[in-house]
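S.K.:
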Ligand code: AMP
Ligand code: MG
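Residue numbers (the working numbering): 87 to 483.
1. Would you report the Cα separation of residue 394 and residue 95, rounded to the nearest angstrom?
2. Is any non-hydrogen atom of the ligand MG found closer than 7 Å to the C-beta of residue 341, if you look at the structure I gave you?
3. Helix, strand or coil for residue 119 per DSSP?
4. Within the same chain, show all residues whose beta-carbon is closer than 8 Å to that of residue 222, passing over the 5 residues directly before and after it, in chain order.
5. When the Cβ atoms of the segment 359-368 are set against those of the segment 432-446, are three or more pairs found closer than 8 Å?
6. Please identify the residue among 427, 187, 454 whose C-alpha is closest to the C-alpha of residue 90.
7. Please return the same chain residues whose Cβ sits closer than 6 Å to the Cβ of residue 320, not counting the five positions on each side in sequence.
8. Output the distance between the C-alpha atoms of residue 179 and residue 210, rounded to the nearest integer angstrom.
9. What did DSSP end up calling residue 107 once you bin it into helix, strand or coil?
10. Do residue 191 and residue 224 count as a contact pair if the criterion is CB distance below 8 Å?
11. To the nearest angstrom, how far is it from the Cα of residue 202 to the Cα of residue 248?
12. Can you give me the C-alpha to C-alpha distance between residue 128 and residue 228, rounded to a whole angstrom?
13. Please find out if some non-hydrogen atom of the ligand AMP comes closer than 7 Å to the beta-carbon of residue 272.
14. Which runs of the beta strand (DSSP E) spanning at least 3 residues fall entirely within the segment 196-246, listed in chain order?
15. Between the C-alpha atoms of residue 447 and residue 297, what's the straight-line distance to the nearest angstrom?
16. Return yes when at least one heavy atom of the ligand AMP lies under 7 Å from the C-beta of residue 361, else no.
17. May I ask whether a heavy atom of the ligand AMP can be found less than 7 Å away from the beta carbon of residue 220?
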């Protein structure tokens, strides 16, 4: 069917979901419960920020034209107060950080740059009108947009909502995400597997990945490699806002996921991406819901969620956009790969965050190596080799 490069596949996920998503429901929650949720209405400044010109240093508020010189200290103003009078030529008002700048003053001289003797203060600082003053409305004018709808609220966003007096916040409902692992060899986590069986780790890692991006995971029972059982569970999964399948999308005799979805009338946008791990990867829509058929090897499932399905979870949750940020780090050792595919490999990022080392591994079923990693190297498809010290992109975990 259709094979896409990594960037094209990602752009396809974003454009399809943005074009076809339904507007999520809106709920109003207390301020602290809005953390990590997606804001459903734009927030505007309820007044000027700052509401008055404020000092950003401890020191003396003066007329710039009096500098340098020796000035009369006529009073004091601190944060939480206001100076009733006005500062004239040759005068100074002692001022604390955050206090409103008195009338007449247009510069603040830092206390470190002054000599105080009784009611006189002298400084050699030159005139610099505006220095150490944060003017009224410099941060935001009353009525200006300060947080856009569709923003996932960080602690700084919560601070902005607190600043503007929002004790409750409209946020989008979290999207429900069905998680359906497939495979006759997959047994529940609390089972004792026979030698040819594997515990279902993918449903667990996906549930964590979904929840971290604001979705409500709904883990379904494992689908046997049997057409009607898989179909029954896929139909159930399509009742959620998004369906994530793991396994059953390769070319094997018992890889039934695509057939089942086709029989349910699915539209397929791609079913192969030039990445490793994760080449066989299905993205489409059936019964009005998006689905991903993620390859079953644990590393493939994890990586393909992060680079593709995550965007669908976030956009269905009302986020205005879902950029994939792959920062750069310097390799601690040479690295080479076979060009043609964007390749993701488990890696360790140094504590200083600037250096990265690939972790030796046995391939995409190697969960012990994945559990040691804190990042995946992302090797570009058109570069065969890197030297120690070269920059390479990575996917943070
Ligand atoms: P598949 O994509 O169905 O061919 O699965 C590839 C391999 O991934 C299987 O042989 C299993 O080793 C592994 N696998 C599939 N599903 C899971 C799962 N839910 N949890 C852990 N490993 C899985
Ligand atoms: Mg399978």
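Heads up, the beta-carbon is just placed ideally off N, CA and C, and yes, glycines get one too.
M.R.: Quick answer:
1. By 1-based counting over the chain shown, the position of residue 394 is 308. By 1-based counting over the chain shown, the position of residue 95 is 9. In this model, residue 394 and residue 95 are separated by some 8 Å (Cα to Cα).
2. Within the chain shown, the letter at position 255 stands for residue 341. Between the ligand MG and residue 341, a heavy atom-to-CB distance of less than 7 Å is present.
3. Sequence index remark: in the chain shown, residue 119 carries index 33 (1-based). It is helical.
4. Looking up residue 222 in the chain shown gives position 136. Around residue 222: 134, 136, 137, 138, 139.
5. The segment 359-368 vs the segment 432-446: no contact.
6. Residue numbering aside, residue 90 sits at position 4 when the chain shown is read from its first letter. When 427, 187, 454 are compared, the shortest CA-CA separation from residue 90 is found for 427.
7. The residue labelled residue 320 in the question sits at position 234 within the chain shown. Excluding sequence positions up to five before and after residue 320, its CB lies within less than 6 Å of the CB of 346, all in the same chain and listed in chain order.
8. Working through the chain shown from its first residue, we reach residue 179 at position 93. Working through the chain shown from its first residue, we reach residue 210 at position 124. Distance between residue 179 and residue 210, taken at the CA atoms: about 17 Å.
9. As a first step, residue 107 is located in the chain shown; it is residue number 21 there, counting from the start. Residue 107 falls in the coil class under three-state DSSP.
10. For the purposes of this step, residue 224 is taken as residue 138 along the chain shown, with counting starting at 1. For the purposes of this step, residue 191 is taken as residue 105 along the chain shown, with counting starting at 1. Contact flag unset, no.
11. Position 116 of the chain shown, counted from the start, is the residue given in the question as residue 202. Position 162 of the chain shown, counted from the start, is the residue given in the question as residue 248. Using only the alpha carbons, I get a separation of about 39 Å.
12. For the purposes of this step, residue 128 is taken as residue 42 along the chain shown, with counting starting at 1. For the purposes of this step, residue 228 is taken as residue 142 along the chain shown, with counting starting at 1. Cα to Cα, residue 128 sits roughly 14 Å from residue 228.
13. In the chain shown, residue 272 corresponds to position 186, counting from 1. Between the ligand AMP and the CB of residue 272, the shortest heavy atom gap is smaller than 7 Å.
14. Within the segment 196-246, the complete beta strand (DSSP E) runs of at least 3 residues are 201-203, 206-209, 231-233.
15. For the purposes of this step, residue 447 is taken as the residue at position 361 of the chain shown. For the purposes of this step, residue 297 is taken as the residue at position 211 of the chain shown. If I take the Cα positions, the gap works out to 27 Å.
16. Along the chain shown, one-based indexing puts residue 361 at 275. Not so, every heavy atom of the ligand AMP lies at least 7 Å from the Cβ.
17. Looking up residue 220 in the chain shown gives position 134. False, no ligand heavy atom lies under 7 Å from that Cβ.
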